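Right, one structure below, let's go through it.
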Amino acid sequence: GAVVSQHPSRVICKSGTSVKIECRSLDFQATTMFWYRQFPKQSLMLMATSNEGSKATYEQGVEKDKFLINHASLTLSTLTVTSAHPEDSSFYICSASPSGDEQFFGPGTRLTVL
Amino acid sequence: DQQVKQNSPSLSVQEGRISILNCDYTNSMFDYFLWYKKYPAEGPTFLISISSIKDKNEDGRFTVFLNKSAKHLSLHIVPSQPGDSAVYFCAASAFGSSNTGKLIFGQGTTLQVKP
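Chains as they are written, first to last, in our numbering: chain U, 576 to 689; chain W, 252 to 366.
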């Protein structure tokens, strides 16, 4: 149990395009989902926290207009990287938390912006 | 400002020996600490955690030690197995409860266990 999926697992896009990444909790309802970004050889950096039905809370330094987060249901959150640029290339990981005591991570999405 | 630091990027041990992974933190408000294991191209998986009211937590081959005065924690794996080879992340939370709070991660330590 407690499986979190992400789609796509890998995406390559041209500079200036927008990319949507989906995060789904497959066998539980997630009241809270988190989005992280990991650059090579660096730690996972929390980008934002989203609760179902409400606006996401962004960490300092993360542009909310660039990284659009929608937590439309208790099993789905999406992260849209708008007008992506090469510096946005990174590994994006989501996690989902039921109304309990654990945070379950997705497998991550590798974004490469050319 | 790196609030959680794992100063050793890599560690290599022989199968059967003990692996010790270290983690330091700077924020005295952190009250819950976790270790995650991550394989390439996969998300982190939870391994073990410890609350700040404890100084040790053990789960099978994995033991986490917390030294609050030194703001230091360590993960001991004994005996180490080749399947333990992965990247290990230390994470900390300041939300007074468990895992649903915001997590601050260290940079990770790559553990290689040689057969």
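Using N, Cα and C, we set each Cβ at its ideal position, and we do this for glycine too. Since this is a predicted model, take the numbers as computed values, not measurements.
Which chain W residues are close to residue i, counting only those with a beta carbon under 8 angstroms from its beta carbon?
i	result
U/Q604	What U/Q604 touches in chain W: nothing, since even the nearest Cβ is about 13 angstroms away.
U/T624	K353
With a cut-off of 7 angstroms, does the C-beta of residue i fall near any C-beta of chain W?
i	result
U/S618	yes
U/L686	no
U/G628	no
U/I596	no
U/I668	yes
Applying a beta-carbon distance threshold of less than 9 angstroms, which residues of chain U neighbour residue i?
i	result
W/F340	S618 and L619
Within 7 angstroms of any Cβ in chain C, is that where the Cβ of residue i sits?
i	result
U/P682	Among the protein chains of the structure shown, namely U and W, there is no chain C.
With residue i and residue j assumed to form a contact (beta carbons below 8 angstroms), what rounded beta-carbon distance in angstroms separates them?
i	j	result
W/L317	W/L324	5 angstroms
W/G357	W/V338	At roughly 10 angstroms, the Cβ-Cβ gap does not stay under 8 angstroms, so W/G357 and W/V338 are not in contact.
U/Q604	U/P682	The Cβ separation is near 20 angstroms, so there is no contact.
W/V255	W/I355	5 angstroms
With 7 angstroms set as the bound, which would you pick, yes or no: does the beta-carbon of residue i sit closer than that to a beta-carbon of chain U?
i	result
W/K256	no
Query raised in the report: Along the region 352-366 of chain W, what residues have a CB closer than 8 angstroms to any CB found in chain U?
Result: K353, L354, I355, F356, G357, Q358 and G359
Report task. Identify each residue in the region 269-297 of chain W for which the Cβ-Cβ distance to at least one residue of chain U is less than 9 angstroms, and report them in chain order. Result -> L285, Y287, K289, A292, E293, G294, P295, T296 and F297
Query raised in the report: Between the region 257-275 of chain W and the region 650-667 of chain U, are three or more C-beta pairs nearer than 8 angstroms?
Result: With fewer than three CB-CB distances shorter than 8 angstroms, the region 257-275 of chain W does not count as touching the region 650-667 of chain U.
Query raised in the report: Counting pairs of beta carbons, one from the region 612-624 of chain U and one from the region 273-282 of chain W, are three or more of them closer than 8 angstroms?
Result: no
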